[in-house]
Every structure is written in C-alpha cells, then in structure tokens.
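So that you can map any letter, position 274 of the sequence shown is 286 in the numbering used here, and since no number is skipped, the others follow by simple counting. To keep things clear, I will list the structure first and then write my remarks on it.
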Amino acid sequence: MILPVIMAGGTGSRLWPLSRDLMPKQFLKLDGKQTMLQATVQRLQDVDAFPPLVICNEEHRFIAAEQLRQIQQLDHNIILEPAGRNTAPAIALAALTAVKKGTDPLLLVLAADHVIADTSAFTVAVQQAALFAADNKLVTFGIVPTAAETGYGYIKRGNATGSAYAVSQFVEKPNLVTAQSYLASGEYYWNSGMFMFKASVFLAELKQHRPDIYAACELAMAEVDPDLDFIRINKEAFIACPDDSIDYAVMEKTADAVVVPLDAGWSDVGAWSSLWEISTKDTEGNVHHGDVLSTNSKNSFVFAETGLVATVGLENIIVVQTKDAVLVAAKDKVQDVKAIVQQLKAAGRSEHRIHREVYRPWGKYDAIDNGERYQVKRITVKPGEKLSIQMHHHRAEHWIVVSGTANVTVDGKDTLLSENQSVYIPLGAVHALENPGKIPLELIEVQSGSYLGEDDIVRFSDRYGRA
13 MILPVIMAGG TGSRLWPLSR DLMPKQFLKL DGKQTMLQAT VQRLQDVDAF PPLVICNEEH
73 RFIAAEQLRQ IQQLDHNIIL EPAGRNTAPA IALAALTAVK KGTDPLLLVL AADHVIADTS
133 AFTVAVQQAA LFAADNKLVT FGIVPTAAET GYGYIKRGNA TGSAYAVSQF VEKPNLVTAQ
193 SYLASGEYYW NSGMFMFKAS VFLAELKQHR PDIYAACELA MAEVDPDLDF IRINKEAFIA
253 CPDDSIDYAV MEKTADAVVV PLDAGWSDVG AWSSLWEIST KDTEGNVHHG DVLSTNSKNS
313 FVFAETGLVA TVGLENIIVV QTKDAVLVAA KDKVQDVKAI VQQLKAAGRS EHRIHREVYR
373 PWGKYDAIDN GERYQVKRIT VKPGEKLSIQ MHHHRAEHWI VVSGTANVTV DGKDTLLSEN
433 QSVYIPLGAV HALENPGKIP LELIEVQSGS YLGEDDIVRF SDRYGRA
C-alpha cells in the first residue's frame with residue numbers, strides 16, 4: 013500500500029501579502045475553493061492509499077488540523093516539526109513513523125503547495141512509480157518542461173527502463189542559455205520535489221549516506237508524545253539534526269534512483285506571475301479573484317480579499333489586496349516581493365508574519381480596529397469549543413454577543429449570554445469563554461489598557477495544550 017507523506021512545513025514569502033509566516037501558501041485558498049493542502053489530499057482520491065501523513069511546523073498545527081478535519085482526513089496523522097530541518101529529516105520522521113507501526117509502505121512524498129491540473133495523468137504516474145518503488149528503487153517525478161525555466165533544478169535522464177529512466181544527473185538551477193539547451197535536448201526534466209520509495213529503502217539509504225541525520229531522527233522518534241491529532245517528537249534531538257534536502261542527502265548519492273516523467277500541468281506556484289499563468293483568464297488576459305472591476309486593463313492579476321478593487325489602464329500588473337496590506341507589482345518583477353518582506357522584518361512590523369484575521373484551534377479573531385490604549389476584535393468560536401482559562405495583567409475587556417450563545421466564566425462565576433447581551437472582564441480577572449451551542453458564536457471584544465499584546469495572556473488551563 014501507498015502512504016502519502018505531505019510536506020506542509022514551508023513559510024515562503026513570494027506570495028505576500030496573502031502568504032505570511034503564520035499562514036503560508038499551502039494553507040491558502042488561491043482559487044477560492046480549497047486550500048492547497050486540501051487539494052493535495054483530494055488529488056489522491058483515485059490512488060489506492062492509506063490516509064495521508066502530514067508534516068508541518070508546530071505553529072501551523074491547528075490550521076493543518078482544521079483543514080484536514082474539513083475534508084474528513086484528520087486521524088492523528090500530523091507530525092509536528094519543532095524546527096525546520098529541510099526535507100531529508102522530515103521524510104525520515106515519516107518513514108520511522110511507518111516502520112514503528114510494523115509496516116513498510118511505499119511512501120509517496122508530496123509538497124502541499126503544488127498545483128497539478130491533470131489529476132488523471134498524476135494518478136497514472138503514481139501507479140507507474142509504484143512498480144519501481146516496490147522493486148526497491150528510489151523514484152523521483154520529473155516534470156516534462158514546457159519552457160526554458162531558470163527557477164527550477166533539473167534531472168537528466170539516462171537509459172530507459174519501461175516507463176521510467178535511470179537518473180543520470182541532478183543539476184542546479186541553470187542560466188537561460190543552459191536551460192534552453194536542456195529544453196532542446198529532450199533529456200531533462202524539472203525537479204518536482206516529489207518522490208516514491210519504500211520506507212525501509214529510504215531509511216537504509218539515509219543511514220548509509222547521512223548516518224548523522226538518521227541517528228538524530230531515530231533519537232527524535234524514540235520519545236513520541238501523542239497530543240490530540242498530533243505526533244510530537246523529541247524536540248532537543250530533532251533540533252540537533254543537520255539540515256539537508258533529500259536531493260543532497262540521498263537522491264544524488266544513491267545508485268538506485270529512477271525518474272518517472274510527469275506531464276500533468278504542474279506548477280509550484282512560486283510567484284504571483286506563476287498563479288496568473290495557470291489560472292483561467294478573460295478575453296483580455298486578466299485573472300480576477302473577489303470583487304474586481306476592470307477597464308482597459310490587460311494580462312493582469314487582481315486579487316481582492318475584502319471590498320472592491322478597480323483597475324484602469326493596467327497591463328502586466330499584479331494587484332493583491334488583503335485586510336491590512338496592498339501589493340502592486342510589475343508582473344515580471346514579482347520575484348522581488350521577498351525584498352518587501354525583508355523590509356517589513358527589518359522595520360519590526362507584523363505584516364510579514366500574521367494576518368489581521370488570525371485562526372485559532374477554537375475559531376478565529378479579526379482585529380478590526382485599534383488605537384491608543386484600545387483594540388477591537390470580532391471573535392468567532394466554533395460550536396462546542398472553549399478558549400483557555402486565562403487572565404491579563406494589563407487590559408480589561410468588554411464582550412458583546414452578536415449571534416449565538418456564550419458561556420462566560422469570570423472569577424468562578426458562570427453566565428450564559430445570548431444575542432445583544434454583554435459582559436465586562438476586569439483587569440486581572442480569571443475568565444473563560446465557551447460556545448455551548450450548535451451554531452458559531454460571534455462576538456465583539458473591546459480591549460482597553462496600557463498593553464494589548466497577545467503575549468499578555470496567563471493560561472491556567474487549556475484543552476489544546478497551550479497552558
């Protein structure tokens with residue numbers, strides 16, 4: 013059987029302002045329907061496989077869990093990385109998890125932030141790869157190139173073996189002239205970062221070529237702490253693990269690598285221009301998401317998260333509007349968006365890290381207004397969920413119920429509030445908020461005080477393990 017391993021640990025900045033440190037692109041709905049993680053899982057519907065194993069960062073755990081829950085794929089199947097250590101250690105964690113259960117499945121390693129337009133072609137390629145992986149080969153999927161792309165690494169094929177080729181060479185990102193020669197030769201594929209192999213075979217190769225990574229990951233998996241839907245590993249052991257990619261650690265060293273060609277409308281959506289290229293366009297070559305009006309504009313991408321965005325006379329332009337930021341960029345310069353992110357970090361601003369709307373395991377909040385000594389949030393609590401029992405040293409709070417039912421605890425006293433009712437939480441009061449109803453609880457929170465940061469929370473008890 014095949015065990016999909018979905019790598020969801022990236023924090024890329026090239027799709028800012030939608031992609032942020034705490035909400036990277038794999039968790040975004042770029043087409044307005046499914047997130048990229050959800051689409052990656054749903055792509056496996058025609059593959060005979062176990063439920064997927066997802067690997068993500070500790071700080072993304074509740075987002076990943078909620079998105080898997082929404083598509084009925086959450087089953088204690090999220091491995092948490094205490095820190096990013098690249099793909100070789102991450103895959104080792106998945107392989108060791110499988111082996112510890114007494115199984116030796118074929119691991120299908122996928123990135124959570126790729127787009128594949130032709131699911132049928134993808135399924136066929138996976139079935140072909142499974143034949144070679146079952147024969148102890150380490151399979152990589154090579155994307156049939158459509159252009160002389162300088163942003164990808166390449167794989168040079170060797171002798172044919174059925175529907176696959178021996179890997180002759182992995183090569184780094186080329187310059188344009190070299191990329192053009194690769195395309196003309198027909199012997200090169202884009203390196204997709206997708207793989208298939210037996211768990212035991214990968215571990216044996218890793219132990220042979222990078223025994224230091226193998227040992228660190230084995231130690232990290234020796235003390236596994238099941239927590240809700242998460243698999244927590246030994247933090248200190250994993251942080252001590254060397255950082256290396258599967259390409260460098262294993263694939264470039266093994267004698268058993270083969271490449272299966274994949275021609276399925278693949279994209280890693282590495283920039284806003286990439287999203288424009290793969291999206292359905294209007295008669296003027298424009299791509300619009302959200303409430304957009306356009307006049308005399310051509311070949312542009314406009315994303316409106318909230319409110320109306322109107323363009324007049326634009327050509328080859330990217331416009332992305334979120335609740336707290338607007339990006340306007342020339343389509344051929346979008347790779348430089350990362351420079352803006354660096355400026356935000358250098359200035360100590362928060363827009364690179366967090367959205368105005370923030371997701372929590374119990375629901376979400378939207379910081380709709382703030383000023384000197386006050387902040388206003390719209391809070392949504394999912395049915396049956398409860399915020400931690402907590403207190404604040406520097407702020408008081410007023411809660412006004414907009415819809416639903418709230419069970420509010422203040423210094424040990426419970427009060428049931430319904431629509432249009434409110435409650436005051438004094439500074440220093442121990443309090444909690446719960447939604448005992450069957451519909452989402454919506455309320456407005458008004459904070460006032462000398463310090464309003466999220467780190468002014470003392471948690472006494474928390475069902476999500478944050479106390």
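Think of the CB as a built atom: it goes at the ideal place given N, C-alpha and C, for glycine as much as any other residue. From a predicted model like this one, the values you see are computed outputs, not experimental measurements.
Discussion item. Cutting at 8 Å between CB atoms, please list the residues of its own chain near Gly449, excluding the five before and the five after it.
Written reply: Pro395, Gly416 and Thr417
Practice prompt. Go ahead and label Pro223 buried or exposed: buried means 16 or more other beta carbons lie within 10 angstroms of its beta carbon, across all protein chains shown.
Written response: exposed
Worksheet item: What span of residues does the beta strand (DSSP E) with Thr427 cover, start to end?
Response: First-last of the beta strand (DSSP E) with Thr427: Lys425 to Leu429.
Worksheet item: Are the segment 281-298 and the segment 253-260 touching by the rule of at least three beta carbon pairs closer than 8 Å?
Response: no
Worksheet item: Among Glu327, Leu118 and Val151, which residue has its Cα nearest to the Cα of Glu264?
Response: Val151
Item to complete: Please state whether DSSP places Phe134 in a helix, a strand or coil.
Response: helix
Practice prompt. Taking Pro101 as part of the alpha helix (DSSP H), name the residues at either end of that continuous run.
Written response: In the DSSP assignment, Pro101 falls within the unbroken alpha helix (DSSP H) covering Thr99 to Lys112.
Worksheet item: Secondary structure at Met13, three-state DSSP: helix, strand or coil?
Response: Look at Met13 here: in three-state DSSP terms it is coil, with no helix or strand label.
Worksheet item: Which of helix, strand or coil does DSSP assign to Val213?
Response: helix
Fill in: Helix, strand or coil at Val393 [DSSP, three-state]
strand
Discussion item. Tell me which residue opens and which closes the alpha helix (DSSP H) that Thr23 is part of.
Written reply: Segment: none, Thr23 is in no alpha helix (DSSP H) and carries neither H nor E.
Worksheet item: Out of Thr421, Ile412 and Ala444, which has the shortest C-alpha to C-alpha gap to Ser430?
Response: Ile412
Worksheet item: Does the distance from the C-beta atom of Asn89 to that of Pro64 stay below 8 Å?
Response: yes
Worksheet item: Looking at Leu105 and Ile155, is the spacing between their C-beta atoms short of 8 Å?
Response: Pairing Ile155 with Leu105 gives a Cβ-Cβ distance that is not under 8 Å.
Worksheet item: Is DSSP giving Arg385 helix, strand or coil here?
Response: Annotated three-state conformation of Arg385 is coil, per DSSP.
Worksheet item: In angstroms, rounded to a whole number, what distance separates the CA positions of Val340 and Arg26?
Response: 13 Å
Worksheet item: Buried or exposed: where does His405 fall if 16 or more other Cβ atoms within 10 Å of its Cβ makes it buried?
Response: exposed
Worksheet item: Which runs of the beta strand (DSSP E) spanning at least 3 residues fall entirely within the segment 40-86, listed in chain order?
Response: 65-69
Discussion item. Given this structure, state the Cα-to-Cα distance separating Ile167 from Ile258, to the nearest angstrom.
Written reply: 14 Å
Discussion item. If the criterion is Cβ atoms closer than 8 Å, does the pair Val388 and Val458 meet it?
Written reply: Pairing Val388 with Val458 gives a Cβ-Cβ distance under 8 Å.
Item to complete: Identify the continuous alpha helix (DSSP H) that holds Met263 and give its terminal residues.
Response: Element bounds for Met263: n/a, residue is neither H nor E.
Practice prompt. With a 10 Å radius around its C-beta and 16 neighbouring C-beta atoms as the bar for buried, classify Glu248 as buried or exposed.
Written response: exposed
Item to complete: Would you list the residues sitting across from Tyr177 in a DSSP beta bridge?
Response: Note: Tyr177 sits in a beta bridge opposite Ala172 and Val271.
Worksheet item: Apart from the five residues on each side of it in sequence, which residues of its chain come closer than 6 Å, Cβ to Cβ, to Ile75?
Response: Phe39 and Tyr371
Discussion item. Going by DSSP in three states, Pro238 sits in which element: helix, strand or coil?
Written reply: strand
Discussion item. If you follow the alpha helix (DSSP H) that Val189 is in, where does it begin and where does it stop?
Written reply: Leu188 to Ser197
Worksheet entry | Where Ala406 sits in the DSSP three-state scheme | The sequence shown places His at residue 406, not Ala. Residue state, collapsed to three classes: coil.
Item to complete: Label Tyr386 either buried or exposed according to how many other C-beta atoms from any shown protein chain fall within 10 Å of its C-beta, with 16 as the threshold for buried.
Response: exposed
Worksheet entry | Exposure label - Arg361; buried when at least 16 CB within 10 Å | exposed
Fill in: Gln355, DSSP secondary structure in three states
helix
Worksheet entry | C-alpha gap between Asp268 and Val179, whole angstroms | 8 Å
Worksheet item: Tell me the DSSP bridge mates of Tyr201?
Response: Note: Tyr201 sits in a beta bridge opposite Ile167.
Discussion item. Taking only three categories from DSSP, how would you classify Val380?
Written reply: Sequence check: residue 380 is Ile here, not Val. Strand at Ile380.
Item to complete: Use the C-beta contact count for Asp280: other C-beta atoms within 10 angstroms, 16 or more gives buried, fewer gives exposed.
Response: buried
Fill in: Residues of its chain near Ala322, where Cβ-Cβ distance is below 6 Å and the 5 sequence neighbours each way are ignored
Leu305
Discussion item. Taking the alpha helix (DSSP H) that Leu119 belongs to, which residues open and close that run?
Written reply: Unbroken run through Leu119 is the beta strand (DSSP E), Leu118 to Ala123; no alpha helix (DSSP H).
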